[in-house]
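Protein chains: 2
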Amino acid sequence: MTVCDLVDLGGRAKAAASIVASAPSGTRDRGLERAAEELERARDEILSANQGDIASAKEAGVAETTVDRLALNPGRVAGMAAGLRALAASPDLLGEVLDGWVRPNGLQIRRVRVPLGVVAVIYENRPNVTADAAGLCLRAGNVAFLRGSSAALRTNVVIAAAMRAAYREVGLPEDALILVEDPSRETVRDFLALDGVIDCLIPRGGPSLIAEVKQHCRVPYVIDGDGNCHVYVDESADLEMACAIIVNAKTQRPSVCNAAETLLVHRRVAAEFLKLVGPLLGGVELRGDEETRSILGDSKVASATVEDYAREFLDLTLAVKVVSDIDEAIAHIGRFGSGHTEAIVTSDLASARRFQSEVDAAAVVVNASTRFTDGEQFGFGAEIGISTQKLHARGPMGAASLTTYKYLVEGSGQVRP
Amino acid sequence: MTVCDLVDLGGRAKAAASIVASAPSGTRDRGLERAAEELERARDEILSANQGDIASAKEAGVAETTVDRLALNPGRVAGMAAGLRALAASPDLLGEVLDGWVRPNGLQIRRVRVPLGVVAVIYENRPNVTADAAGLCLRAGNVAFLRGSSAALRTNVVIAAAMRAAYREVGLPEDALILVEDPSRETVRDFLALDGVIDCLIPRGGPSLIAEVKQHCRVPYVIDGDGNCHVYVDESADLEMACAIIVNAKTQRPSVCNAAETLLVHRRVAAEFLKLVGPLLGGVELRGDEETRSILGDSKVASATVEDYAREFLDLTLAVKVVSDIDEAIAHIGRFGSGHTEAIVTSDLASARRFQSEVDAAAVVVNASTRFTDGEQFGFGAEIGISTQKLHARGPMGAASLTTYKYLVEGSGQVRP
């Protein structure tokens, strides 16, 4: 694909955006419902394309976890369809009057929710993101301009074709979903330069993608970033509860961004707690400071480096540190946290309040697992990502995050004196 | 100033941010009130520094309008102090619970308004922006990290010192306002690279600054951009009203972003309207299409180029175009508008609704001047800029635009099944 092709796709996305934006919610509802039916109808074709992607990935010798993320089965296709139906059934957001007032000169001002326009998503292997992201975009009246991974290309092409056919049938522009079919590394760079075309880019990917976006992106973006999440076990914690929370936060699904990466323990309870939790983290590789190592034994705990505290392991590895008080815990999180989710386990009201007030993250959790920070667990339904930025959207991003507003001002000839 | 110096200033800004964020609103109120007093107390010193800046600017032979923007007088200093007092009297936003709910598993979720952290502003000659921006930042619990123009440096230094002294007196960190004292061109580039320090950058300036930000900025930003604003006179317009609106929108203050740059006129009323408005735009240079020129006479109207329709004149020049219908008007605005403010003059309800629905801009105005799009006219009090972006904030940005939110999640040991 040449830059011209991409610019051409961008032009089509922009042209479709104003039509999608003004399509009534009923039409968009029907588009989502028909897309669900089309995915089910095309199920065998999708699974066959997916087999091709998986075979190529295995030939290329990619990691087993990557193959896992690529793989669809009948249940997962049904899940994609169910997701689109849930979106069709969810309330429409467009046109909502967010607020409104009248000025002393009689000017009437309303702030009304409108679509962003063209929403671009760069994502990795999971092909279900194609349907999920396109559905969320349509719910919010946007065009979805998608760039998946090369490994999932065959699958993505079939999914996109099915959904585009559904859109056409209900009278929506099929360009309400545009899939970039050349997912080469170079395309990403060109994509980031589509200033004036892309209204919002959501990069979902690892540190190298995020670094590239920060370095080269010329369009507005919201980062779905890393989660270097901490669990701090306070002096006053219910230690049984703390065990359950850190085990869940670390091991329930270690590969995701809201899994915990570092355990911080108050010195006064460190010996008791670490001896309690150690056996429960049997399959987890621990990397700790000297105090942790002396409590659990050097043979059980590797020595933690600064890099260990800074990184997102995304596997069954956990950094551990004993802290002298809540101040040190908050300072550690301030230094190493990525602004995703931070949790405290405590029975003390003042500690809970301080932690909630002083820790700067999208979600600050008291006495629960970090794993709850996602759109479904928060009750938003689908999500297009979890923002670790502070601008526009923070935390799990549902359909509302894919909207903006405009001011409608009505007068009777007012001019400014 | 070396990059290290700037990184050092950034570190100080970040260190102050958490203290400012947790300062009670009463302390921030007092900080704003004391800053107002300090500006009044330092009035002669400010004016004397300002004389120095003006003398240097004149020596350097800058334009008279630039000198105008630089110049302070006792009234303007009093205005800066009054602005800070108005902010002190305005309601605090921090801690507001934006929404909250309980999940089926008992998790309590609240979304609470919090400061952004370090807000950076790059701005041009007007030294009153130093006080206005710092005040708005403090109202919203942020550190103001300011980089004014070199032409206003002496004045800005005195204003910043006065406000910092006031902050110190009430127990706020004086680093709640940090002024970069080397406003060289190179500093801007380094400023844009302070990833991890600046939570939000607001560039206020001309197209070259905006282009540089889009090209090189690695920190989140909201653009205070150009206003290529249109007034469309519909077939059904009250032509007297239309005259008053375009005259006001073009001439009341032509150098600002919400002034009109292009007049679009429906063909059916073009002859009548242009002959009516022509004499009222006596001091305005008109650049029109062939129809406009044939109605008003080639000697009165220069020939408009595509560039004329694309640019923000910011002076007493107006592009004019006769359109065949509202569709052509909306399409012209879609092509040339900058997403700031677009106005229609019409008596027809359907035209008003279509224009409001289909024009994509921060403010869409029916039967009033474009000049109303600003924070004060909208009733927000002070503003830190007018966003022409769609993400985070759109249109006039008051203190609320300088905040974000975080989710506070409270449980009793919940883990994810």
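So the sequences go chain by chain: A and B.
Our numbering runs 16 ahead of the 1-based position in the first sequence.
Our numbering runs 16 ahead of the 1-based position in the second sequence.
Note that CB positions come from ideal geometry on N, CA and C, so glycine has one too.
Everything numeric in this text was worked out from a predicted model, so none of it was measured.
Taking 7 Å as the cut-off between beta carbons, the residues of the region 400 to 423 of chain B near chain A are Q405, K406, L407, H408, R410, G411, T420, Y421, K422 and Y423, in sequence order.
Of all residues in the region 200 to 230 of chain A, only D211, D215, C216 and K230 come within less than 8 Å of chain B when Cβ atoms are compared, listed by chain position. Apart from the 5 residues on each side of it in sequence, A359(A) sits with its Cβ closer than 6 Å to the Cβ of V247, V381 and T386 in its chain, given in chain order. Pairing T389(B) with T357(B) gives a Cβ-Cβ distance under 8 Å.
Taking 8 Å as the threshold, the shortest C-beta distance from E197(A) to chain B does not fall below it. By the Cβ neighbour-count rule, K74(A) is exposed, with fewer than 16 other Cβ atoms within 10 Å of its own. Taking CB atoms only, P107(B) has no neighbour in chain A less than 8 Å away.
Annotated three-state conformation of A209(A) is coil, per DSSP.
Using a Cβ distance threshold of 8 Å, C153(B) and L418(B) count as a contacting pair. The beta-carbon of I70(B) is placed no less than 8 Å from the nearest beta-carbon of chain A. Residue ranges of uninterrupted alpha helix (DSSP H) with 4 or more members, entirely inside the region 293 to 365 of chain B and ordered along the chain, are 306 to 312, 322 to 326 and 342 to 352.
Following the DSSP letters along the chain, one finds Y421(B) in no alpha helix (DSSP H) but inside the beta strand (DSSP E) bounded by residues T419 to Q430. C-alpha of S106(B) to C-alpha of I35(B): approximately 21 Å in a straight line. With fewer than 16 other Cβ atoms from the protein chains shown falling within 10 Å of its own Cβ, P120(B) counts as exposed.
Here the alpha carbons of A177(B) and R127(B) stand approximately 36 Å from one another. Contact note: P236(B) reaches chain A through Q405, K406 and L407, using a C-beta cutoff of 8 Å and chain order. For Q67(B), no chain A residue has a C-beta closer than 8 Å to its own C-beta; the minimum C-beta separation is roughly 32 Å. When 9 Å is used as the limit between beta carbons, S38(A) is near these residues of chain B: S373 and E374, in chain order.
Between Y139(B) and G99(B) the beta-carbon gap is near 15 Å, outside 8 Å, which marks them as no contact. In this structure, the CA atom of F289(B) is about 6 Å from the CA atom of L255(B).
In the structure shown, A136(A) adopts extended strand secondary structure according to DSSP, grouped into three states.
By the criterion of at least three beta-carbon pairs nearer than 8 Å, the region 51 to 59 of chain B is in contact with the region 87 to 103 of chain B. Contact annotation: D240(B) and I214(B) have beta-carbon atoms that are not nearer than 8 Å. Residue A416(B) holds the alpha-carbon nearest to the alpha-carbon of G395(B) among A416(B), A167(B) and A286(B). Beta-bridge pairing by DSSP links S34(A) to no other residue. Minimum Cα-Cα distance from N172(A) among the listed residues V229(A), E197(A), E190(A) and R283(A) corresponds to E197(A). For P131(A), the enclosing beta strand (DSSP E) covers residues Q124 to P131. The beta carbons of L193(B) and Y183(B) sit about 7 Å from each other, so the pair counts as a contact at 8 Å. For L154(B), no beta strand (DSSP E) encloses it; the enclosing alpha helix (DSSP H) starts and ends at N144 to R155.
Judged by DSSP secondary structure, L217(A) falls within the beta strand (DSSP E) whose first and last residues are C216 to P219. The beta-bridge partner set that DSSP reports for S403(B) consists of D240(B) and G411(B). Scanning its chain for C-beta atoms nearer than 7 Å, with the 5 sequence neighbours on each side dropped, one finds around C273(B) the residues D242, G243, H356 and I402, in chain order. Of all residues in the region 31 to 61 of chain B, only A33, S34, A37 and S38 come within less than 9 Å of chain A when Cβ atoms are compared, listed by chain position.
With 16 or more other Cβ atoms from the protein chains shown falling within 10 Å of its own Cβ, R180(B) counts as buried. Burial state of G68(B) is exposed, judged by a 10 Å Cβ sphere holding fewer than 16 other Cβ atoms.
In the three-state reduction of the DSSP assignment, V375(B) falls in the coil class, being assigned neither a helical nor a strand state.
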